[in-house]
Amino acid sequence: TVEGGQSMNPSTEEILSASQSIDAKNIFVLANNKNIILSAEQASKLADRNIVIIPTKSIPEGISAMLVFNPELDLDNNRILMNEAIKSVKSGSVTYAARNSDFDGRNIREGEILALEDGKLSFTDTDPEKAAIKLARRLCSRDTNFVTVIYGADVTEEKANSVLEALEGRLGKNIEISLVSGNQPIYYYYISAE
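In this note's numbering, the protein residues as written are 1076 to 1269.
Structure (structure tokens):
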């Protein structure tokens, strides 16, 4: 694992060094952030082993890709499976504005709750839990079977469970909902709909 995030993207050298420290000839790298994909691709060109880049742009996409990995399959078939898996994921996140700014053409105030859908600002709110519920509902379509809510370090288990209960009541019995403690900083919630 190479630490990263919105404001601390690993360099090509860090990704290459991490891959060289692994005793394997084939390595899958899940970027989990659009800003890391290019560095990962550059590292794969410099490596002395096969590094397969799965261009995941979020943690939920990365989880979906990992879940379909099959150690019985070869490199190319796993690459195909993992890339197909990320196409079926709609992902969102709930965070806060660190400062006053202009984001996607909107005026944002410091401390405001931001609901991001596939990396783009969907709406703002004043409450992380209300934002998570609204965002999860927006991510769902008629084809949605699974929703995963990953709650962060600044969310209590009680508040996370209140989101789960609200979603169970609003999304219906046909959608399986999972709640996971991710303990991630900065982001109150990561949400995926598949």
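Glycine residues also receive a C-beta, built at the ideal position from the N, C-alpha and C atoms.
The structure presented is a predicted model; accordingly, all values stated were derived computationally and were not measured.
Continuous beta strand (DSSP E) stretch holding residue i: start and end
i	result
Leu1189	Ile1188 to Glu1192
Gly1167	Lys1165 to Tyr1171
Lys1195	Lys1195 to Asp1200
Ser1253	Glu1251 to Ser1256
Ile1102	Asn1101 to Leu1105
Phe1225	It should be noted that the sequence gives Ile, not Phe, for residue 1225. Start and end: Phe1221 to Tyr1226.
Val1077	Looking at the DSSP string, Val1077 is not in any beta strand (DSSP E), and its letter there is neither H nor E.
Ile1128	Asn1125 to Ile1129
Where residue i falls: helix, strand or coil (DSSP)
i	result
Glu1089	helix
Ala1206	helix
Leu1150	helix
Ala1268	strand
Ala1084	The amino acid occupying residue 1084 in the given sequence is Asn; Ala does not appear at that position. Note: Asn1084 maps to coil in three-state DSSP.
Ile1112	helix
Arg1181	strand
Ser1139	helix
Ser1176	strand
Lys1132	coil
Gln1259	coil
Ile1161	helix
Ile1155	helix
Ser1119	helix
Arg1217	coil
Ser1094	helix
Given residue i as reference, the closest of the options once Cα atoms are compared
i	options	result
Asn1101	Leu1148, Leu1254 and Ile1126	Ile1126
Val1169	Thr1199, Ile1155, Arg1154 and Ile1161	Thr1199
Ala1268	Ala1172, Ser1166, Arg1184 and Val1238	Ser1166
Pro1260	Val1230, Gly1247 and Ile1252	Val1230
Glu1204	Arg1174, Ala1140 and Ile1266	Ile1266
Ala1235	Asp1218, Ser1216 and Gly1257	Gly1257
Val1255	Val1077, Ala1106 and Ile1134	Ile1134
Ser1216	Leu1191, Val1224, Lys1195 and Leu1246	Leu1246
Asp1179	Val1077, Gly1186 and Gly1194	Gly1194
Asn1249	Asn1220, Val1238 and Val1224	Asn1220
Ile1208	Thr1201, Thr1131 and Leu1239	Leu1239
Pro1130	Val1224, Glu1159, Gln1095 and Gly1186	Glu1159
Ala1206	Ala1228, Asp1218, Ser1176 and Ser1237	Ser1237
Leu1105	Asp1218, Ala1190, Ala1099 and Thr1076	Thr1076
Residue interval of the alpha helix (DSSP H) (run including residue i)
i	result
Ser1237	Glu1232 to Leu1246
Segment contact flag, the stretch 1115-1129 with the stretch 1084-1092, C-beta cutoff 8 Å, min 3 pairs: yes
Stretch-stretch touch, CB-based, cutoff 8 Å, three pairs: the stretch 1141-1150 with the stretch 1111-1122: no
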